[in-house]
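There are 4 protein chains.
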Amino acid sequence: MTKGKRGRPRCELAQEAILEATHNLLTEKGGNGVTIEAIAKQANVGRPTIYRWWPSVADIVLDVVLREADSAICVHHEAPFARNLQLFLRQSVQTLNEWGGAHLRFLMAHAQKDKEFRERFRENFTNKRRQIVHSMLLHATETGEVSPICDSDLLIDLIFGPMWYRLLTGHAPLDTHFADNLTEQLLLLVQENPACRKK
Amino acid sequence: MTKGKRGRPRCELAQEAILEATHNLLTEKGGNGVTIEAIAKQANVGRPTIYRWWPSVADIVLDVVLREADSAICVHHEAPFARNLQLFLRQSVQTLNEWGGAHLRFLMAHAQKDKEFRERFRENFTNKRRQIVHSMLLHATETGEVSPICDSDLLIDLIFGPMWYRLLTGHAPLDTHFADNLTEQLLLLVQENPACRKK
Amino acid sequence: MTKGKRGRPRCELAQEAILEATHNLLTEKGGNGVTIEAIAKQANVGRPTIYRWWPSVADIVLDVVLREADSAICVHHEAPFARNLQLFLRQSVQTLNEWGGAHLRFLMAHAQKDKEFRERFRENFTNKRRQIVHSMLLHATETGEVSPICDSDLLIDLIFGPMWYRLLTGHAPLDTHFADNLTEQLLLLVQENPACRKK
Amino acid sequence: MTKGKRGRPRCELAQEAILEATHNLLTEKGGNGVTIEAIAKQANVGRPTIYRWWPSVADIVLDVVLREADSAICVHHEAPFARNLQLFLRQSVQTLNEWGGAHLRFLMAHAQKDKEFRERFRENFTNKRRQIVHSMLLHATETGEVSPICDSDLLIDLIFGPMWYRLLTGHAPLDTHFADNLTEQLLLLVQENPACRKK
DNA sequence: CCGTAAACGAGACGGTACGTCCAGTCTTGTG
DNA sequence: CACAAGACTGGACGTACCGTCTCGTTTACGG
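Chains as they are written, first to last, in numbering that gives the first Met the number 0: chain A, 0 to 198; chain B, 0 to 198; chain C, 0 to 198; chain D, 0 to 198.
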């Protein structure tokens, strides 16, 4: 007997509806309104159907974010590094303000409660985003735009850390001004940085 | 008619027990074990007694952290700024590793779900911590150790952001090595920083 | 175009497997283990296949019982009535103890929840069993072994009622001793019964 | 605040409401409508409140029946045994027809699925009812109205068995005619019964 | 020095959401 | 075209906590 696919194929409409319902609930009612029950109701779907494909609400939100984020990322290596970094930060900040803020705050909150999800989140989102920046840095090093990086991990922390920090605490706005100032400071560290050069 | 105080004075032992029980639950069972119910049981206290003094679990945790943090902060302005910054980061990192990690992760997670608590958290913890650094910077500016700061808010974000980021995502360790490297980079920004100087 | 048979011929093995699986589940796991899902899995059969032939689990169990019961019934009219009655009760009691108890308890329980099944159950099982006794009584009346029966329905209730009662409540064992004692009492009612004679 | 008393004193009111709601649901919608969820809704009660006091729906129904049954039992030992027996059967039959049928069918059905409940049911209902009859028989034996009973258990089975049997299968009506006929047959067994006398 | 009023433990209350089981239907690919 | 496999909607389950609300019972001030 061929092991192949038997049985009713999984209904993609259902998954689509679940993701969309989750997205809508997040943007409309914020993180507290995102419940398995509410999603199921909004998507006209049975609760067990949700559990068949996702282990928790947070994983659905993660899928929503990944799907949107994939289409949003655009880095042109041909452009100068300084411009690229500015663009990346501006885009990130803009996304957080437009729709992604509630999503990411929800994800990070859940990641603190569920150790296994924290790893999935890190693997599928955080590290992916870091790698984008890492490759940007590598490319800029080759072209000589930036000094050789001593501890690129720390540098990347300096890029994402402040954004997350502002997003989560809300002590100051996440605007273009912030993105540009951050860009400026980071460029200072990266260009003519004696601490890096010597290593 | 002197109204004065009638009735039984509030039992401070109860509050003490609640704070201690919360602390123990957090360190032993992690964030998920900290529920009003568990705290009440552990502290041998009725649940309403808790609600009488704190509006939510997170506020108890916040009190636990504030009490511990107050005793942990020690900044000596007489020391050189570079040394002070290093000390501050090392102490912060050490605290997060020893006991404070679970606490702060719990607080930040709850701050995402409860808007009003987010403000209390920001007011009583985040901003307090920022002010310490801010005054350090001001003092160092006066002594000429660091260049005049154009956007001290951003600079402070660059200090706390990476720490929170590592704490919450867990993608890399929060160790002395990290604290020292971060110190080094921050000092570069602060000393002879043309971007700041010119403004 | 010859009509002939198109498509896959229906598999009688499947129905066999379903009945056997149901029987096994009942005897092994008791009434709670008998679900459409479990039967389908045990019989290596799709659930819709079951629904094609039976409207509910109880109907499958009824079929299992009917099939077994048909082969178990053996009444010899030539024997004296007293002996026949004793044999019938002993056999019934023995069947309930050996395998049929779980089956009949399951059937009776379901009959209380599903009105339509209750009628099918009564028609195909209860009444069939009553008729066997009824014909026994009729034959015995003709031979003069028993007095003419005034209300044979009640008499038959007195035969089956106690058995069901013990089976369902479990307050006392269903053993040979019980069967013999019941036989004895019933014979008293049936032989030289003034209440019946006079009518 | 006049909406109703909340808090602890509602305790008894809640249980009252639960029992009444269960009773109403049973009589109106039959056994299938009796769900923990439906009861909770009908009684304006949280589901956990129900679980705090009863382990299952069947136990609630059992309480409903016990409460009603206690008030319905009336046996006058001064009356002659024959009259007493007739009264008992007539009352039992009447109760089953008026309201108790659905309740008892539900109880017996659940007793088949839940072994532990079966014991509670037997202990608190079945055996209680049997003891009433048992004491009636004992008293009648002392006064000489009935022959010494050889196997009173069996005799009691002959009283309750047919009633349950008719109730559960529904093959014949549970009316006064039935009660009187059953009384008549039982009296025959009990008076001048050689099978008993000789033992 | 005793009455009284606040704070206490205990825990029941109405609820919300959870994650699971199973029912019964529908859809597909295989033989 | 009957079948297995299995995904679908949906209803009820029993559990964990929530935040609110009495219950008596301390307990230390104020009359």
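The C-beta atom is built at its ideal place from N, Cα and C for all residues, glycine as well.
Note that this is a predicted model, so its numbers are computed, not measured.
| Query | Result |
| --- | --- |
| Determine which residues of the segment 103-117 of chain A have a Cβ less than 9 angstroms from any Cβ of chain B, and write them out in chain order. | 104, 105, 107, 108, 109, 110, 111, 112, 113, 114 and 117 |
| Restricting to Cα atoms, I'd like to know which of D:137, D:151, D:15 and D:185 is closest to residue 42 of chain D. | D:15 |
| Over the uninterrupted alpha helix (DSSP H) stretch that includes residue 83 of chain B, give me the two end residues. | 80-94 |
| Output the boundary residues of the alpha helix (DSSP H) element that contains residue 163 of chain A. | 151-168 |
| On the three-pair Cβ rule with 8 angstroms, is the segment 172-185 of chain C touching the segment 117-125 of chain C? | no |
| Would you please verify whether the beta carbon of residue 211 of chain C is less than 8 angstroms from any beta carbon of chain D? | Outside the displayed range of chain C (0 to 198) lies residue 211 of chain C, so it cannot be described from this structure. |
| Examine the Cβ distances between the segment 98-115 of chain B and the segment 104-112 of chain A and report whether three or more of them are shorter than 8 angstroms. | yes |
| Note down, in chain order, every chain D residue with its Cβ under 7 angstroms from the Cβ of residue 80 of chain C. | Near residue 80 of chain C there are no residues of chain D at all, since even the closest Cβ is about 17 angstroms away, more than 7 angstroms. |
| Which same chain residues, not among the five before or five after residue 81 of chain A, have their C-beta less than 8 angstroms away from its C-beta? | 144, 182 and 186 |
| Look up residue 172 of chain A in the DSSP assignment and say whether it is helix, strand or coil. | coil |
| Does the structure place the segment 154-168 of chain B close enough to the segment 156-165 of chain A that three or more beta carbon pairs sit under 8 angstroms? | yes |
| Whose C-beta lies closer than 7 angstroms to the C-beta of residue 24 of chain D among residues of the same chain, with five residues either side of it excluded? | 32, 33, 37, 38 and 41 |
| Measuring CA to CA, which of D:61, D:65, D:69 and D:132 is closest to residue 83 of chain D? | D:132 |
| Given a limit of 7 angstroms on CB to CB distance, which residues of the segment 145-162 of chain A reach chain B? | 150, 152, 153, 156, 157, 159, 160 and 161 |
| Helix, strand or coil, according to DSSP, for residue 146 of chain C in the structure here? | coil |
| In this structure, how does DSSP classify residue 42 of chain A when only helix, strand and coil are distinguished? | coil |
| Kindly list the residues whose CB is nearer than 7 angstroms to the CB of residue 22 of chain D, restricted to its own chain and excluding five residues on each side of it in sequence; keep chain order. | 63 |
| Applying a beta-carbon distance threshold of less than 7 angstroms, which residues of chain B neighbour residue 128 of chain A? | Residues of chain B passing the Cβ test: none, with the nearest at roughly 10 angstroms. |
| Which of the residues in the segment 162-180 of chain B, read from start to end, lie with their CB under 8 angstroms from any CB of chain A? | 162, 163, 164, 165, 167, 168, 169, 170, 171, 177 and 180 |
| Return the chain-ordered list of same chain residues with a C-beta closer than 8 angstroms to the C-beta of residue 96 of chain C, the five sequence neighbours on each side being excluded. | 173 and 174 |
| Assign residue 142 of chain B to one of two classes, buried (16 or more other C-beta atoms within 10 Å of its C-beta) or exposed (fewer than that). | exposed |
| Could you work out which residue in A:177, A:68, A:93 and A:99 is closest to residue 127 of chain A when comparing CA atoms only? | A:68 |
| Grab me the residues of residue 18 of chain A's own chain with a C-beta within less than 8 angstroms of its C-beta, minus the 5 sequence neighbours each way, in chain order. | 59, 62, 63 and 66 |
| Please work out which residues of its chain come closer than 7 angstroms, Cβ to Cβ, to residue 151 of chain B, disregarding the five sequence neighbours upstream and downstream, and give them in chain order. | 133 and 136 |
| Would residue 101 of chain C and residue 169 of chain C qualify as a contact pair, given that the criterion is a beta-carbon distance under 8 angstroms? | no |
| For residue 89 of chain B, which residues from the same chain have a beta carbon less than 7 angstroms from its beta carbon, with the 5 sequence-adjacent residues on both sides left out? | 175 and 178 |
| Looking at the structure shown, is residue 34 of chain C part of a helix, part of a strand, or coil, going by DSSP? | coil |
| In this structure, does DSSP put residue 29 of chain C in helix, strand or coil? | coil |
| Taking the continuous alpha helix (DSSP H) assigned at residue 140 of chain A, which residues delimit it? | 126-141 |
| Answer with buried or exposed for residue 10 of chain D, where buried requires no fewer than 16 other C-beta atoms within 10 angstroms of its C-beta. | exposed |
| In this structure, does DSSP put residue 52 of chain A in helix, strand or coil? | helix |
| When you compare the CB of residue 12 of chain A with every CB in chain B, is at least one pair closer than 8 angstroms? | no |
| Quick check: residue 91 of chain D and residue 162 of chain D, are their CB atoms within less than 8 angstroms of each other? | yes |
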